Structure formats: structure tokens, C-alpha cells
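Below is one structure, written out as C-alpha cells; comments come after it.
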Amino acid sequence: MSLEQFIDSKPFTFGIELEMQIVNTHDYDLTKAASDLMRLVKNEEIPGNITPEITESMIELSTGICTTHEQAVTDLRRIRDTLVAAADRLNVGLCGGGTHAFQQWSDRRIMDAPRFQYLSDLYGYLAKQFTVFGQHVHIGCPDADSALYLLHSLSRFIPHFIALSASSPYVQGVDTGFHSARLNSVFAFPLSGRAPFVLTWEAFKDYFSKMVHTGVVDSMKDFYWDIRPKPGFGTIEVRVMDTPLSVERAAAIACYIQTLARHLLLDRPVTPLEDDYLVYTFNRFQACRFGLAGTCVNPQTNERRTISEDILDTLDQIAPHADALGSAHALAEIGTLARSQTNDAAWLRGVVAEERSLHEAVRQQCLRWRA
Amino acid sequence: MKSAFSFFPAWPLHPDGVFWVGLALLAAGLCGELCYRAWRLPRISGYAVIGLIAGAAGFGVISGDIASAARPLLDVALGLLLFELGSRLDLRWIRRNPWLILSSLAEATLTFVLVLAVLLFLKVSVMVALVVSSIAMATSPSMVIQLKTELKAEGQVTQRLLTLTALNSMYAVVVVKLASSWLHQEIYGNVFATILQPLYLLVGSLVLAYALARLCVLFYRRLSPQDEHSFVALFGLVLLAIAIAHLLRLSTILSLLAAGIIVKNLEAKPQLWPQHFGTAGWLLTVMLFVLTMTVFEWRDVAMGGVAAAGLIVARLVAKLVGVLVFAKPSGLHWKQGIALGLALSPMSALALLLVDDTYDLYPNFDPQLSAIVMCAIVVLQLVGPWLVYRSLALAGERREE
Chain A
1 MSLEQFIDSK
11 PFTFGIELEM
21 QIVNTHDYDL
31 TKAASDLMRL
41 VKNEEIPGNI
51 TPEITESMIE
61 LSTGICTTHE
71 QAVTDLRRIR
81 DTLVAAADRL
91 NVGLCGGGTH
101 AFQQWSDRRI
111 MDAPRFQYLS
121 DLYGYLAKQF
131 TVFGQHVHIG
141 CPDADSALYL
151 LHSLSRFIPH
161 FIALSASSPY
171 VQGVDTGFHS
181 ARLNSVFAFP
191 LSGRAPFVLT
201 WEAFKDYFSK
211 MVHTGVVDSM
221 KDFYWDIRPK
231 PGFGTIEVRV
241 MDTPLSVERA
251 AAIACYIQTL
261 ARHLLLDRPV
271 TPLEDDYLVY
281 TFNRFQACRF
291 GLAGTCVNPQ
301 TNERRTISED
311 ILDTLDQIAP
321 HADALGSAHA
331 LAEIGTLARS
341 QTNDAAWLRG
351 VVAEERSLHE
361 AVRQQCLRWR
371 A
Chain B
372 MKSAFSFFPA
382 WPLHPDGVFW
392 VGLALLAAGL
402 CGELCYRAWR
412 LPRISGYAVI
422 GLIAGAAGFG
432 VISGDIASAA
442 RPLLDVALGL
452 LLFELGSRLD
462 LRWIRRNPWL
472 ILSSLAEATL
482 TFVLVLAVLL
492 FLKVSVMVAL
502 VVSSIAMATS
512 PSMVIQLKTE
522 LKAEGQVTQR
532 LLTLTALNSM
542 YAVVVVKLAS
552 SWLHQEIYGN
562 VFATILQPLY
572 LLVGSLVLAY
582 ALARLCVLFY
592 RRLSPQDEHS
602 FVALFGLVLL
612 AIAIAHLLRL
622 STILSLLAAG
632 IIVKNLEAKP
642 QLWPQHFGTA
652 GWLLTVMLFV
662 LTMTVFEWRD
672 VAMGGVAAAG
682 LIVARLVAKL
692 VGVLVFAKPS
702 GLHWKQGIAL
712 GLALSPMSAL
722 ALLLVDDTYD
732 LYPNFDPQLS
742 AIVMCAIVVL
752 QLVGPWLVYR
762 SLALAGERRE
772 E
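Chains as they are written, first to last, in this note's numbering: chain A, 1 to 371; chain B, 372 to 772.
Have a look at this one:
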């Protein structure tokens, strides 16, 4: 199978996908209701899509093509309200969060569709352990080469996105000490990590056909990279974020990426280098483990500072682009978050400290999602 | 007669109750596993078979005396299960999805009407027919909870099965009590007593339920009953409530079920205790299934067999139709509706206790009541679990391998 053609899209348009948890309202463990929810919403008019996922405990919602922060917030709220109304009829709860706090992965059931059964056969328990919930953001690119430039220049900011969205401190009933433990599950997959360092679409096509030739992959879907091109949409897709606990947070992070992308593609402040990736996994680990308080090393200057300082500095640099895109509100939200260093993971730990119950924490996650 | 050798047991040996209970549990446990492992049949059906064999219809080793001595045990076992069931009834859900209450009313009312019609057609006396059709509304809470746990079932059909069962058990208790107040009038002819009797029973039980619920919530806030140690005290609290219901001649069934419902809805925070009240609760449940069957006698078939057959068919049809009418608007696929309708069929200890209660108040009540209900229980306790198994499989909600 050859690589899809890259369909140029309107630059800096964006789309958001959110994988949601479906829980019961008795003990707030994951439950199975994806098919029931799908049946109830199938005739609803929504500005986007709702799709089933690998397990019955997960459902994905996605916006259409957005241009402004305001539009993203409005659309996300409408889709959320539709889903929440359906969930209310079924007495199930919906919530964000990169992992479910106490579910046992052995209890999960794989959806009865051929692709999901294939993944389950291939990856074994990894497929079940992959019951994690992420936010994906697509950014429209004017052409294929720009997409690859954007992909590699955006890599340096991956720790920002992780730390801002982090909402998975608990896994199987244990405090992992991480802010985003979800990514540890993702890294277990053989084709996860970073995309190969190629800056032209011709070279990328070469790489892809060599990989197909080895028989290791079949399509772009088999790569679980942190950022990967989606030629069919004419976008690159940033995939490192945990699903935040509210749609507003999700929209703000998406617009931060959008504004950053405009800065990178129009100002071209850096020339991406293979050596940028020397500090990549270190920075990413810091973000997963320590969140906004983590350290990141600037690959060009080798300067060290906290991720929240780095975010605040970046916000200053990209401020002019916020006006052009109408994302000033979103960036203000990101600024507040970076300064206070209370991402969703920190909030969740606060709730658990207060209530001493993971069940109650999940219930409050559901309340935050519907509010 | 004392002799130097009286440390030897006297012949013939007279094993005590512990022996028979132990033997019954051993046999029930083995029979349940055999059913499950060899034929994939529900364990509960295995327990029921042992109950039949040990009881009046079989060898009679568990005689009527033991069974009535064990009545408090049944009350406790069922009380715990009702409390657990009640604490899964979410009134917020019913408020958000009013079709649920409609389908609950439809299935219960239809069951009452259809069973009543069939029984009257079969020439059963009006009074007996009324009480039996009230009892027929209830789905067995013990079986539903037990099967949900055994199958690790999770999903819409399971959730609604629990909800509808809690509701129809509630209706059944209330309607049986109201029906028997008419009986009160017939027998004692005192209008004041006739009005006061159900009032005392219903209001009294609800007050007790509220007090128990409040204490549970308070208790939960202070301690965390999910840990096995502080859970002991909660267990005690529930037992005390059952005892008080006995003392004041209130309905344990209504009190415990209502207490569970109030606990769940008084507090939005999840309040969890070990499923089945831990191992002790689980053992009591097995005894409940065994003991329920020991009451059955073969002469029940002669007296109530035909009526029971009519009841079973009418009840199955009514529950299925009642659920299906509102399946779609309430958010169910028709296949799930069928599964739910069939899964509502089990009948067990709750029915037996309601019959017992009636004879307790009116010892001279027509023995046909007991005969009909016992025949229905025997069939539905053996076949009901299998129907629930199949239904949950049909709906894709069984999780165990």
C-alpha cells in the first residue's frame, strides 16, 4: 500500500479529537456503553463527529475544521452536550483524563470490529493496557514540505503540550508519581516515539515505502508517533496530550499549538536539525514525570529551565500571532495555567487528598466534564 | 444412663443441625460447581436442586422445623441483598430518563393484571389470586444480584435489570400489604384496624429505613467501610435494623430495600462496601437459595400446579411486553429489550417470604396461596437463572470467560 497523496489545506486551520472515558455511576469504574451511546447520538446534528474506539469503555469525539478559538469552544461544547444528554439517558458518566484512575486492564473488552480484533491479536495485553485517553490536534499545512518542517520544529515544544494537558497521575489504583502516566503505555508500542528526520515529502515517501517493504507497517495508522503527518487531511497531528478534564482546556491547548504553528511556519525562527532530538526523550520524560515543574533543555542553546518558564517565554514570542488568529483568550488561559502550575493531574491529586477516594475523584471528573 | 463408657457416643448417632447445614452446603457447593463447569449452567440452579433433594420434596433431612428455625437467617440474607440492590437504584437516573419509570410501571402493572386474569380464569379464589398476582410482580432480588456478580455483568440490560427489580420488589411488597388489609377487613371487620394496619406497616418500615440510611451515611463519612475491619460495624448496623423490624413487626423487605435506596440518593458521592457484604453475605446467599427450595412439597403440585403454570406463562409474557413497549424511547435496542424482559423472570426467596408474612398475619389463609407460589418458585428458581444467563449473553454483557 502506498502513501496517500498530501492534500494541501488551509494553513492554521485545526481540528480536535478527544478520547473520552465512559464510567458507571455506581462505583465510577469503566463500563461498557459505547455502542449504546453511538445508537442514541446517530441522528443528532453536531458540528463534528462521534466515533467508537477500541474498547466499549471509550468514545471519541472530534470537531470539524476550526479556524478560531471561539469556534472550537462552541463546537466542542455542543458535541459534549449531545453526548452528555445521551449518557444521562443511559445512566453512565463521561469524563476526561488520560487514564482511568483504578480500572483493571484485564477487565476490559475489545470492540467487536475486525481492526480492533486484529490489534488485540497483534499486541496482546498491550492492546488492553492501551485503554488510555488522549487528545489529538490536527494543524492544517499549506503543503507537504511545510508539514514536515512544522512537524520537526514543533517537536521541541512537545514537553509543553504534555505538561499542560497532563491528567493521568493514577493507573490501576496507584499514584504513579507521574503527571502523565498515559504516555508510558504509548511508549510500549514498537512504532511509537518520533518521526524520522526527513524534511521533504519525497524523502518521507521513500522512508514510508521502505518501511512497507519490510512488512512492518501497512499504513500511516501503524505509526504511533508523537507527531505524525496525516496526508489525507493535509495536516500534522499532535498526539502527546492526555484528554484534559474540560473541553475549554482542550480548546485552549489546541489554540496554543495553532498559534505556535503560525509562528514557526511564518517566522521560521529555527532550522530543525537531527541533533534537536538529542534532548527529546529527556525533555519528554521530565514533562511526563514532573509536569509544568519539570526541566527542559533547549536543544539549540542547551539552556535549562522549567517547562512553565519555557511556556511563558514562548507565549511572549508568539503573542503577535494570537491577534491574527483570535487566540488571545486561549493564550491567556495557557499563561495562567503555566504560572499556577496546577494542571489537571495536580487538581486530581488535590481531590484525592481531600476525599481519600479514587471513586469520588472520578465522579468529580465527570462533573467537571459536564459543567 | 451414665457408665464408665459414656464418653463413647450413644447409638444410633443423632447428628445436629450443624451437620445437616454443613452437608447441605457441601453438596450445594459441589452441585453448583458441577452445573457451572460441566454444563455451563448457573450455580444457583445447582443450589436449588440440592434444596429440593434435602427438603420436604426429597429426603426431608431439612425438615419444616429447621426451615422455620432458619427463617431469621433467610431474613438476614435477603435483607442484606435488598439493601445492596436498593443502593444501586439511582433516582437521579429516573428523573433524567422518565421512560424508565414508565417501563417499570408498565411491566409491573401488566404482570399484575395478566396474572390476575389467568388465575381467575383458572378458578382460583379472588383473594388468593390478588395476593399471588401482587407477589408475581416482583423479580427475585437475590438472584439478580447474585447473577450480576457471578457473571461480572455490566451494561444497559444489567443496570436496568437491577433498577426494575428494585422497583417491582417495592411495588410487590406495598401491594401485597394493601391486599392483605382487605383480608384484615374480611377477617376482623374492624375498619379502623383495617386502615391502620397497612399504614403502620408502610410508614413504620419507611421511618426505620430512613433512620438506618442516615446512620449508614454518617458511618460512611466517618470510617471507610471498604476496608474489611470497619465494615464489621456496618454489617452489625444492618443486622440490628433487621432485628428492630422484627421486634416492631414491620416489613424487613421494605425497610432494607428503602434504606438502600435512601443511602444511594441521600449522597451523590459513591458509597461502596464489599460486594455481597463479603464472604459472610455470600454464604448466607447460598443458604437462602437452598432453604427456599426445602419448603416445597409434592402435594403443592396437585393443589397449585396448573395455576402456577398459568402464572409463569402470563408473567413471562407480561414482563416481556411491558418492557418492549417502552424499550426504544427509554434508549434500548429491541434486542436489549427482549433480553431485559426475559431476565426479569426469576422468582425466589422474596416471594416465599411474602407468602410467609401473609400466613403469619392470617394463619388460616387458603393453603392454595402457598401451593401456587411454591410451584412457581421451584420452576423459576431452576429455569430463571438460565434465562438470565442467556439474556445477558444475548445482550453481550457477560464478562466472565
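Backbone N, C-alpha and C define an ideal beta-carbon position, used for all residues, glycine too. All values derive from a computational prediction rather than experimental measurement.
| request: With DSSP collapsed to three states, give me the class of S167(A). | output: coil
| Buried or exposed: G15(A), going by 16 or more other Cβ atoms within 10 Å of its Cβ? | When all chains shown are included, G15(A) counts as buried.
| task | Closer than 9 Å, Cβ to Cβ, to anything on chain A: give me those residues from the region 439-460 of chain B, in chain order. | result | For the region 439-460 of chain B, the beta-carbon criterion of a distance under 9 Å to any beta-carbon of chain A is satisfied by S458 and R459.
| task | Taking only beta carbons into account, state which residues of the region 385-414 of chain B come closer than 8 Å to chain A, listed in chain order. | result | none
| For the ligand MN, is there a heavy atom less than 7 Å away from the beta-carbon of A425(B)? | Ligands in the displayed structure: none, and consequently the ligand MN is not present.
| said: Does E772(B) come out as helix, strand or coil in the three-state DSSP assignment? | reply: The predicted model places E772(B) with a pLDDT of 47, which falls under 50 and marks its position as unreliable, so this point remains unresolved.
| query | Across which residues does DSSP place K230(A) in a beta bridge pair? | reply | T235(A)
| By Cβ distance below 7 Å, which residues in the same chain neighbour L659(B) in space, the five residues on each side in sequence not counted? | L445, A448, L449, S513 and A720
| message | Counting only Cβ pairs nearer than 7 Å, list the residues of chain B close to H100(A). | response | Neighbours of H100(A) on chain B: none; closest Cβ ~14 Å, over 7 Å.
| query | Who are the Cβ neighbours of N468(B) in its own chain at under 8 Å, not counting the five residues just before and after it? | reply | S701 and G702
| task | Could you check if G755(B) is buried or exposed, using at least 16 other CB atoms within 10 Å of its CB as the buried criterion? | result | buried
| Would a check of beta-carbon distances place E772(B) closer than 8 Å to chain A? | In this predicted model, E772(B) has a pLDDT of only 47, less than 50, meaning its place in the structure is not dependable enough to derive any value.
| query | Can you tell me whether R686(B) is buried or exposed, with buried defined as 16 or more other CB within 10 angstroms of its CB? | reply | Only buried fits R686(B), as 16 or more other CB atoms lie within 10 angstroms of its CB.
| message | Excluding the 5 residues flanking L191(A) on each side, which residues of the same chain have their C-beta closer than 8 Å to its C-beta? | response | V216, V217, D222, F223, Y224 and W225, listed in sequence order.
| field | chain A residues whose Cβ lies nearer than 9 Å to that of W464(B) | value | T25, D88, R89, L90 and N91
| query | Does the separation of the CB atoms of R349(A) and V247(A) fall below 8 Å? | reply | For R349(A) and V247(A), no; Cβs fall outside 8 Å.
| said: For L637(B), count the other beta carbons within 10 Å of its own beta carbon; 16 or more makes it buried, fewer makes it exposed. Which is it? | reply: So L637(B) counts as exposed.
| request: Output the boundary residues of the beta strand (DSSP E) element that contains F14(A). | output: For F14(A), the uninterrupted beta strand (DSSP E) run begins and ends at F14 to N24, by DSSP.
| Hey, is the region 142-162 of chain A in contact with the region 4-18 of chain A, meaning 3+ C-beta pairs nearer than 8 Å? | yes
| said: Could you check whether the Cβ of L40(A) sits closer than 8 Å to any Cβ belonging to chain B? | reply: yes
| Cβ of Q527(B) within 8 Å of any chain A Cβ | yes
| message | Assuming L154(A) is part of the beta strand (DSSP E), what are its boundary residues? | response | Here L154(A) belongs to no beta strand (DSSP E); instead the alpha helix (DSSP H) covers A144 to L154.
| By Cβ distance below 8 Å, which residues in the same chain neighbour A524(B) in space, the five residues on each side in sequence not counted? | L518, L763, E768, R769 and R770
| query | Who does E60(A) pair with in a DSSP beta bridge? | reply | E60(A) pairs with E19(A) and T51(A).
| request: Would you check if the distance between the CB atom of S180(A) and the CB atom of V270(A) is smaller than 8 Å? | output: no
| message | To the nearest angstrom, how far is the alpha carbon of A564(B) from that of L572(B)? | response | 12 Å
| query | Ordered along the chain, which non-local residues of its own chain (more than five positions away) have a Cβ less than 6 Å from that of L491(B)? | reply | A500
| task | Determine whether the Cβ of T82(A) lies closer than 8 Å to any Cβ atom of chain B. | result | no
| query | Using the beta-carbon of each residue, which ones in chain B are nearer than 7 Å to H359(A)? | reply | P641 and L643
| message | Less than 8 Å between CB atoms is the rule here; does C366(A) satisfy it with respect to chain B? | response | no
| field | Cut-off 7 Å between Cβ atoms - residues of its own chain near E772(B), not counting five sequence neighbours on either side | value | Because E772(B) carries a pLDDT of 47, less than 50, the predicted location of this residue cannot be relied on, and the following value inherits that uncertainty. Closer than 7 Å at Cβ, skipping near neighbours: no residue.
| query | What is the C-beta distance between L829(B) and M498(B), in whole angstroms, given that I count them as a contact (C-beta under 8 Å)? | reply | Nothing about residue 829(B) can be reported from this structure: the residues present for chain B run from 372 to 772 only.
| message | I'd like to confirm the pairing. Which residues does DSSP put opposite I139(A) in its beta bridges? | response | I139(A) pairs with F14(A) and I236(A).
| request: Tell me, please, whether the CB atom of K221(A) is closer than 8 Å to any CB atom in chain B? | output: no
| task | Just grab the DSSP bridge partners of C95(A) for me. | result | Q21(A)
| How far does the beta strand (DSSP E) with T306(A) in it reach, from first residue to last? | Following the DSSP letters along the chain, one finds T306(A) inside the beta strand (DSSP E) bounded by residues R304 to T306.
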